[in-house]
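Chemist: First the structure, which I've put down as structure tokens, then a few questions once you've had a look.
Numbering (the working numbering), first residue to last: 1 to 463.
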């Protein structure tokens, strides 16, 4: 049975019976597909449907949250009363009128996942595999191409009077290659994604992405081990932005700032980075992987300038944490699905381009390390201290990129990185990933131009 506006209002009013001052209903219907080709053969073609609702009730910053897959009015009323039992205060005089509002459009889909034939999707995987295998080497022992698409329909209803609906169409093609010489193994990756339709791949060179992954895996297999030490590090554009994302901007999310557990607490208006650094989280880039028409609290996404000319300008703040911070919400309330309560999260996060060229940065670096492709790592959000692997790295000698080296790690803190950036190129690029945190795993872009950072500790096993 389809719920009406009257039903929504009755459920929300039930949430408020025991003294709460805010309530929200979140409805979701998501169809997700996952296809994979391993070593040139189709390995899987799976489809799933996630369907349900959650209710969130707030009294100040105290929260009661629950979810269900039974979307009948009776069940949602029962859930509302079960959750409101967490509070025990007189009912407040909260009046609201629900009004469905038009959702702003920055996401436009031409060829949706549901209208794209399976054979077209398999052809994309085959092209990726062809690219992976086009690098002729017997040392490539495994190739993998994965295509995921989903259509997520959501509705947000709350006691601020909001009824907003949205459709998200996330789509990503990823490739990986593993090379081995019988003793050691090295892998390399590539991906392309967006909140859009299959038109994403119309002018994209899938074969090249596959070829470069295999080429990198073999190149790193034969590289020397990196020597450890403090040195000048040039971090390439694109996925190099994972350092900004993990070591810096997680510490700007209200999730940690509101609790006083961030290294950047009480730093608004203060210098936290080199004067040439501007960092942005922008959820409004049309059809970008991390963009949304609205966030998961029904707010329009924004272009949030977090750091401008080295000065901290803004945190990323959701509705609940803003009750503590009094900062203003930033369109950053996100969740993986209806089973999670929303909190402050990133969208598309990147360093703004600078005035240098890539060539100038390398030429002006007498000796150092070039981190072309970053890997995984760990971060302490309270301190910003990190340890990140470098998937593809090279030495810089006399202003030139020379021999490849493997096994390098970058060790330091977000504050240290921000302060020691002394050159930024004009070659901004984005990379596509999934970010995991309290409200689940969500699509986010990490990005940056090529940057140069002084005095980073580089770990390695070389002599």
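C-beta atoms are modelled at their ideal positions from N, C-alpha and C, and glycine is treated no differently. Computed from a predicted model, the values in this text were never measured in an experiment.
1) Name the residue from 283, 385, 287 whose alpha carbon lies nearest to the alpha carbon of residue 262.
2) Please report the Cβ distance between residue 283 and residue 351, rounded to the nearest whole angstrom; I am assuming they are in contact, meaning their Cβ atoms lie under 8 Å.
3) Verify the contact flag: residue 424, CB atom, against every heavy atom of the ligand NAP, threshold strictly below 7 Å.
4) Can you tell me whether residue 172 is buried or exposed? The criterion is at least 16 other CB atoms within 10 Å of its CB, across all chains shown.
5) I'd like to know if the segment 76-89 and the segment 345-361 are in contact, where contact means that at least 3 CB-CB pairs between them fall below 8 Å.
6) Closer than 8 Å is the cut-off here; do at least three beta carbon pairs connect the segment 357-375 with the segment 320-327?
7) Sorted by chain position, which residues of the same chain lie with C-beta nearer than 7 Å to residue 251's C-beta, five sequence neighbours on each side aside?
8) Looking only at its chain, what residues have a beta carbon closer than 7 Å to the beta carbon of residue 340, apart from the 5 residues adjacent to it on each side?
9) Can we say the segment 329-336 touches the segment 282-298, given the rule of at least three CB pairs closer than 8 Å?
10) Return helix, strand or coil for residue 15, following the three-state DSSP convention.
11) Would you list the residues sitting across from residue 142 in a DSSP beta bridge?
12) Classify residue 79 as helix, strand or coil using the three-state DSSP reduction.
13) Count Cβ pairs between the segment 154-163 and the segment 8-23 that sit closer than 8 Å; are there 3 or more?
14) Determine the burial state of residue 355: buried for a count of at least 16 other Cβ atoms within 10 Å of its Cβ, exposed for fewer.
15) I'd like to check one pair, residue 390 with residue 418: are the Cβ atoms closer than 8 Å?
16) Write down every uninterrupted run of the alpha helix (DSSP H) in the segment 232-260 whose length is 4 residues or greater and which is fully enclosed by it, in chain order.
17) Would you mind listing the beta strand (DSSP E) stretches within the segment 36-91 that are 3+ residues and don't spill past its ends, in chain order?
18) Ordered along the chain, which non-local residues of its own chain (more than five positions away) have a Cβ less than 7 Å from that of residue 267?
19) Residues in the same chain with beta-carbon distance under 7 Å from residue 112, minus the five sequence neighbours each way, listed in chain order, please.
20) If contacts are defined as beta-carbon pairs under 8 Å, then residue 291 and residue 203 qualify, I think. What distance do you get, rounded to the angstrom?
Modeler: Working from what's here:
1) 385
2) So it is not a contact: roughly 17 Å between Cβ atoms.
3) Among the components modelled here there is no ligand, and therefore nothing to report on the ligand NAP.
4) buried
5) no
6) no
7) 262, 263, 264, 381, 384, 414
8) 439, 440
9) yes
10) helix
11) 178
12) helix
13) yes
14) exposed
15) no
16) 254-257
17) 41-59, 62-68
18) 312
19) 151, 169, 197
20) That pair is no contact at about 19 Å.
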